[in-house]
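A.B. asks: Residue 342 in the UniProt record's numbering is what sits at position 342 of the sequence shown, and the numbering runs on without skipping anything.
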Amino acid sequence: MDRGSRPARPQSVDELVRQAENFNFNPNIPFKHWTRAADTLYQEAHFALADGDYGRAFLMLYRHSSLVMKLVSHPQYRDPDSKKLFRPLSKRTNAVLDDMERIKPVIVDEYAEWERMAGGVHAQQRPSRYEDYAARDPSLSGHAKVLDASENQELAVDLAQQELARRDRARESRAPARADGHRAKDWYHGDDGDLRSQMEAARRALRPDAHDEKTDGGGAPAAQHYSYPSISRSQAVSYEPQPRVPAPSRSPGPIRPPKESLPEQRSLTSPAIPGKVPLDRPPTLATEPRSLDVPPRPKKERIAFRPGAYLENGDPIRPVFVPNQLRRRFLEIAAENTRAGLEMCGILCGTPVNNALFVRCLLIPDQKCTSDTCETENEGAMFDYCAGEDLLVLGWIHTHPTQTCFMSSRDLHTQAGYQVMMPESIAIVCAPRFQPSYGIFRLTHPPGLDHILNCNHQDTFHQHSIDNIYRQTEHPNGHVYESDKLPFYVQDLRTK
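1. For T370, count neighbouring C-beta atoms within 10 Å of its own C-beta (all shown protein chains included) and say buried if the count is 16 or more, exposed if not.
2. Classify Q242: buried if its beta carbon has 16 or more other beta carbons within 10 angstroms, exposed otherwise.
3. For V480 and chain C, any beta-carbon pair shorter than 8 angstroms?
4. Alpha carbons only, please: which of D53, Y470, L89 is nearest the one belonging to I107?
5. Excluding sequence positions up to five away, which residues of its chain have a Cβ less than 7 angstroms from the Cβ of L59?
6. For G478, is the classification buried or exposed, using 16 other Cβ atoms within 10 angstroms of its Cβ as the cut-off for buried?
7. When you compare the stretch 354 to 367 with the stretch 381 to 392, are there three or more beta-carbon pairs, one atom per stretch, that lie closer than 8 angstroms?
8. Hey, could you find the ends of the alpha helix (DSSP H) G314 is sitting in?
9. Compute the Euclidean distance between the alpha carbons of D411 and L147, then round it to the nearest angstrom.
10. Can you pull the DSSP bridge partners for L357?
11. For F305, name the three-state secondary structure that DSSP assigns.
12. To the nearest angstrom, how far is the alpha carbon of R6 from that of N355?
13. Go ahead and label D372 buried or exposed: buried means 16 or more other beta carbons lie within 10 angstroms of its beta carbon, across all protein chains shown.
14. Just to check my reading of the structure: Y77 and L71 have Cβ atoms closer than 8 angstroms, yes? What is that Cβ distance to the nearest angstrom?
15. What's the gap between the Cα of F47 and the Cα of G55?
16. Once you ignore the five residues that flank L85 on each side, which residues in its own chain have a CB closer than 7 angstroms to its CB?
17. Which partner residues of W396 appear in the DSSP bridge assignment?
18. Among R87, Y481, D14, which one has its Cα closest to the Cα of L326?
19. Assuming P447 and D315 are in contact, meaning their beta carbons sit under 8 angstroms apart, how far apart are those beta carbons, in whole angstroms?
20. Apart from the five residues just before and just after A38, which ones in its own chain have a Cβ nearer than 7 angstroms to its Cβ?
21. Closest by CA to A334, which one among V320, H400, A165?
22. Is P323 buried or exposed, if buried means 16 or more other CB atoms sit within 10 Å of its CB?
23. With distances taken from CA atoms, which of P432, D109, N313 is nearest N22?
24. Does the beta-carbon of R92 have 16 or more other beta-carbons within 10 angstroms, so that it is buried, or is it exposed?
25. Checking the sheet assignment: what are the DSSP bridge partners for H363?
26. Check for me: the alpha helix (DSSP H) holding L140 runs from which residue to which?
27. Compare the C-alpha of H426 against each of Q43, F305, G346, H457 and name the closest.
28. If you follow the alpha helix (DSSP H) that V68 is in, where does it begin and where does it stop?
29. Does the Cβ of T495 have 16 or more other Cβ atoms within 10 Å, making it buried, or fewer, making it exposed?
30. What does the Cβ neighbour count give for N24, buried or exposed, with the cut at 16 atoms within 10 Å?
31. Between the alpha carbons of A112 and D51, how many angstroms are there, rounded?
32. Would you decide whether G119 is buried or exposed? Buried here means 16 or more other CB atoms lie within 10 Å of its CB.
33. Which two residues bound the contiguous alpha helix (DSSP H) that contains C386?
34. Could you tell me the distance, in whole angstroms, from the CA atom of F434 to the CA atom of C405?
35. Which runs of the alpha helix (DSSP H) fall wholly inside the stretch 145 to 179 and span at least 4 residues, in chain order?
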């Protein structure tokens, strides 16, 4: 395989540890967002193991354990609601450490195998620019056959559908036995010093004594002034959706009180708007912690898709595939609100396969809608659904019934909550009255994400002091692909 198709060597355990610890724990971010980020890391590790991607699985588990240890220093840690959110994370800790111990020998063996095969030749070669970037992405090393998603879009979707069908069958077969999973020690009832000492001891045990290379980071551009489009008072507009196109059907979903009928199944979802929405009850990702199922080491190359793009700091982000009928279906659901001049939102949920992310569910949560905002409610139900269906939150979609297609200051704060959990998260804005009628965006990082997370403005709409806060994400200038072949379903959890 040529040098441009994959990195020269796999990452070592020590490199993965340093990369896992290289994240900014910002205490200004609400405690509940950090606990959801921890849940996302744990789910990501589960999916990585299903792909045979041991490097990413180890990185996600180690970052999860490091984040849990940092949470005890968060200013909201002593709050009763925070204690409830922390409990399942502390229960899970023993299982996470066990999983890392089981994965570590595989990573060590892969690195040793590369050293034997390389024979010192690659050590004398200067890494290519691609190898410099790829060194930050464990999914592209080891036994990976690396493909470009832009050149293999249909293949990516076909492989994803096959793998998702296999996972669905496996999950259904495991369901009756889940209650038999072992119970880890509940460190929540011990004192914080015990938890910290246990985690630090585990960290020392997982670090190899051997040497390893350094990782580098990126700098932030200079701040500049940024002006938002003016926001006038919203008025109702005349809007009729395009003819209904049936979405792929699935088994019947939960029943909600009588309302307008929706042919598709209903769904939930959505991380809370930072600092705005109270959490009704904690999500329950894993009340009975159990070790992840570590599959046998693959004997042949696995497939991994190259990053769809790179953040402004150089970190890779995976390709995201979105069904191209999803926007039309969402606009049909939101049509009543659109005619009344009210915003509406939905949550994009999906799963990773082969180092790419695939949206497979449009969740419609309980929400409070106004002319200029939409806020999710009853978030506990949303996250319970995602956990039960093995779904990750990949972003959100919302309407601007009377405004153009842009990210308002309120939208930017909402998007920051999603990108804290997953850097690939996207925001789709639908403005059916204007052209362009939609856009797919993310915050820049840096400077956008950090600037928004440190913004203390309390008013709903306000200006920020820098430029380049967000950008378009559609291919070829970004990491998002729309696909005709990708099926999805709607899960509506609205209760009113």
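No residue lacks a Cβ here, since even glycine has one placed at the ideal position from N, Cα and C. As the structure is a computational prediction, the values presented were derived from the model and not from experiment.
C.D. replies: Walking through what the data contain:
1. That one is exposed.
2. Bear in mind that a pLDDT of 44 at Q242, under 50, signals an unreliable position, so the number given afterwards is only what the model happens to contain. Counting Cβ neighbours within 10 Å, Q242 comes out exposed, since fewer than 16 surround it.
3. No chain C appears in the structure shown, which is made up of a single protein chain.
4. Nearest C-alpha to I107: D53.
5. Here the set comprises L16, Q19, A20, P138.
6. Under this definition G478 is a buried residue.
7. In the pairwise beta carbon analysis, the stretch 354 to 367 is classified as touching the stretch 381 to 392: at least three pairs are separated by under 8 angstroms.
8. Per DSSP, G314 belongs to no alpha helix (DSSP H) and is neither H nor E.
9. If you take the alpha carbons of D411 and L147, they lie about 34 angstroms apart.
10. As a beta-bridge residue in DSSP terms, L357 pairs with V320, P352.
11. Under the three-state reduction of DSSP, F305 is assigned to strand.
12. Annotation note: pLDDT 42 at R6 (below 50); position unreliable, coordinate value reported separately. Distance from the CA atom of R6 to the CA atom of N355, rounded to whole angstroms, is 13 angstroms.
13. Only buried fits D372, as 16 or more other CB atoms lie within 10 angstroms of its CB.
14. Contact between Y77 and L71 holds, since their C-beta atoms are separated by about 6 angstroms, short of 8 angstroms.
15. For F47 and G55, the distance between alpha carbons rounds to 12 angstroms.
16. For L85, where only same-chain residues beyond five positions count, the Cβ hits under 7 angstroms are F31, K32, T35, P282.
17. I347, A427, per the DSSP bridge assignment.
18. When each option's Cα is compared against that of L326, the closest is Y481.
19. For a cut-off of 8 angstroms, the C-beta gap from P447 to D315 is around 14 angstroms, too long to register as a contact.
20. Within the same chain, and ignoring the five residues on either side of A38 in sequence, the residues whose Cβ sits closer than 7 angstroms to its Cβ are H64, L67, V68, L89.
21. Comparing Cα positions, the closest option is H400.
22. Buried, since its Cβ has 16 or more Cβ neighbours within 10 Å.
23. For the residues P432, D109, N313, the minimum Cα distance to N22 belongs to N313.
24. Of the residues assessed, R92 falls on the buried side of the cut-off, its CB having 16 or more other CB atoms within 10 angstroms.
25. Looking at the sequence itself, residue 363 is Leu, so the reference to His does not match. L363 is bridged to I347, Q491.
26. Segment: none, L140 is in no alpha helix (DSSP H) and carries neither H nor E.
27. According to the sequence displayed, residue 426 carries Ile and not His. Of Q43, F305, G346, H457, the residue nearest in Cα terms is G346.
28. 54 to 71 is the span of the alpha helix (DSSP H), which, as asked, contains V68.
29. T495 comes out exposed.
30. A residue is called buried when at least 16 other Cβ atoms come within 10 angstroms of its Cβ; N24 does not meet this threshold and is exposed.
31. Distance between the alpha carbons of A112 and D51 is about 21 angstroms.
32. G119 comes out exposed.
33. It spans 379 to 388 - the alpha helix (DSSP H) in which C386 sits, taken as one unbroken run.
34. Taken atom to atom, the span from the alpha-carbon of F434 to that of C405 is near 7 angstroms.
35. The qualifying runs are 153 to 174.
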